[in-house]
Amino acid sequence: MTTDFSESTATTAVIDSLQETPDQRLKEVLSSLVTHLHAFIRESEPTQQEWERGIAFLTDVGHMCDEQRQEFILLSDVLGVSMLVDTINNRKPVEATQSTVLGPFHVVDSPPRALGADIALTGDAPRCVVQGRIRSVDGQALPGSVIDVWQADDAGYYDIQLPDEVPPLNLRGLFTADDHGDFWFRTIEPRHYPIPDDGPVGNLLRATNRHPNRPAHIHFIVGAVGHSPVTTHLFIASSPYLDDDTVFGVKASLVRAVRTVDDPALAEHYEVQNPFGLIEFDVVLDPVDEPGSDL
Ligand code: BEZ
Ligand code: FE
């Protein structure tokens, strides 16, 4: 005898249809998705017109995806899903540097640069110095760590957004920490900026009276032998939007002041004008578990 599809049998009917799925993880995830999706539909009771509007929105998101633009990730970002996935997958000891979203602007390989290099290839904005030490959670320095950095300029633009105005690879650099695990480089203070909001995700932000801005930050990916790499940012303490980053990426432990240093000898050492801004950002990495170490 057939069972009529009804509001009360809908979820069981679909979950039963998944029973023969050979991939157990796929079966688990799809069953959970169906359960929560049906609960959402039961709770919100969309009209047919609203459901069609939702489908049209997702279709527009799909049409806005290509090699350069990933509107689905942007949607995930503004709904807090990217940060939730990132946080779940980067549970670390409290001493370790916390992670945050990668973002869409790490699309080119950063150029290897010598310690102390100026990653601002253009403009006359005052240079500041970013310096730090890469350590393991037990405090031991990690010489030879690799530090990949990229950032927006003082108007809030990445190089790839201004291909006709700034040299390629502006404000990007790949550094190798010295024998003490130390790194330092010169740059300009980045400005806060809006995420790309000329597509359906921007429409969603406007429809919900949300702004599209992210606080000023410098992106980092830091790796060292025997340790899990961390993808993170350093946030500038004086920036607006620290409390309402549109992609929910801020963690208090990643916020740093730009300290004004008035020390002509140090300025000469770093090859910057005196006085200058100094940002200190140590990065603490979590050792990778040795295979079998938890046996
Ligand atoms: C970024 O910081 O580059 C970024 C992160 C998420 C969405 C858009 C931009
Ligand atoms: Fe960014």
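Here numbering that gives the first Met the number 0 is used: the first residue of the sequence shown is 0, the next is one more, and so on. Even glycine gets a Cβ: it sits at the ideal position worked out from N, Cα and C.
Distance between residue j and residue i (C-alpha atoms, nearest Å)
{"i": "I54", "j": "P162", "result": "35 Å"}
{"i": "D298", "j": "Y192", "result": "A query on residue 298 cannot be resolved here, the shown segment of the chain reaching from 0 to 294 and no further."}
{"i": "L25", "j": "E19", "result": "11 Å"}
{"i": "G201", "j": "E70", "result": "10 Å"}
{"i": "R171", "j": "F219", "result": "10 Å"}
{"i": "A264", "j": "P189", "result": "25 Å"}
{"i": "S227", "j": "V287", "result": "6 Å"}
{"i": "S81", "j": "S75", "result": "5 Å"}
{"i": "A206", "j": "A176", "result": "46 Å"}
{"i": "E42", "j": "W50", "result": "14 Å"}
{"i": "H62", "j": "P199", "result": "10 Å"}
{"i": "P21", "j": "L101", "result": "33 Å"}
{"i": "I194", "j": "I133", "result": "30 Å"}
{"i": "D108", "j": "I87", "result": "27 Å"}
{"i": "R255", "j": "T58", "result": "40 Å"}
{"i": "L83", "j": "S252", "result": "17 Å"}
{"i": "G225", "j": "L141", "result": "10 Å"}
{"i": "I72", "j": "E267", "result": "44 Å"}
{"i": "H37", "j": "V60", "result": "22 Å"}
For residue i, the first and last residue of its enclosing beta strand (DSSP E)
{"i": "S135", "result": "C127 to S135"}
{"i": "T259", "result": "R258 to V260"}
{"i": "H268", "result": "Here H268 belongs to no beta strand (DSSP E); instead the alpha helix (DSSP H) covers P263 to Y269."}
{"i": "T245", "result": "Run containing T245: none; DSSP gives neither H nor E here."}
{"i": "V229", "result": "V229 to I235"}
{"i": "I146", "result": "V145 to Q150"}
{"i": "T175", "result": "R171 to T175"}
{"i": "L73", "result": "Where L73 is concerned, there is no enclosing beta strand (DSSP E), although the alpha helix (DSSP H) it sits in stretches over E70 to V77."}
{"i": "R185", "result": "D181 to T186"}
{"i": "G222", "result": "H216 to G222"}
7 Å CB neighbourhood of residue i in its chain, flanking five on each side removed
{"i": "D261", "result": "N273 and P274"}
{"i": "S30", "result": "I14 and L17"}
{"i": "K250", "result": "Q97 and T99"}
{"i": "F280", "result": "V129, G131, L233 and R255"}
{"i": "D85", "result": "S98, T99 and V100"}
Local Cβ density within 10 Å of residue i, reported as buried at 16 or more and exposed below that
{"i": "Q301", "result": "Residue 301 cannot be examined here, being either before or after the span of the chain that is shown, 0 to 294."}
{"i": "H179", "result": "exposed"}
{"i": "S5", "result": "exposed"}
{"i": "D242", "result": "exposed"}
{"i": "N212", "result": "buried"}
{"i": "W183", "result": "buried"}
{"i": "F39", "result": "exposed"}
{"i": "P125", "result": "exposed"}
{"i": "S238", "result": "buried"}
{"i": "D128", "result": "The residue asked about is misnamed: residue 128 is Val in this sequence, not Asp. When all chains shown are included, V128 counts as buried."}
{"i": "T8", "result": "exposed"}
{"i": "P214", "result": "buried"}
{"i": "D3", "result": "exposed"}
{"i": "V77", "result": "buried"}
Own chain partners of residue i with C-beta closer than 6 Å, once the 5 adjacent residues on each side are dropped
{"i": "P110", "result": "L168"}
{"i": "R209", "result": "none"}
{"i": "A95", "result": "V136, V283 and D285"}
{"i": "R258", "result": "L277"}
{"i": "G79", "result": "F247"}
Residues of its chain near residue i, where Cβ-Cβ distance is below 8 Å and the 5 sequence neighbours each way are ignored
{"i": "P166", "result": "L120, T121 and D158"}
{"i": "L294", "result": "Summary for L294: the model assigns pLDDT 41, below 50, so the residue's position carries little reliability; its value from the coordinates is reported in the next sentence. So the list is empty, once near-sequence residues are dropped."}
{"i": "T34", "result": "T10 and I14"}
{"i": "G115", "result": "W183, F184, R185, Y269 and E270"}
First and last residue of the uninterrupted alpha helix (DSSP H) at residue i
{"i": "R24", "result": "Q23 to S43"}
{"i": "T58", "result": "Q47 to H62"}
{"i": "L253", "result": "No alpha helix (DSSP H) contains L253, which DSSP labels as neither H nor E."}
{"i": "I87", "result": "V80 to I87"}
{"i": "V13", "result": "A9 to S16"}
{"i": "G201", "result": "P199 to A206"}
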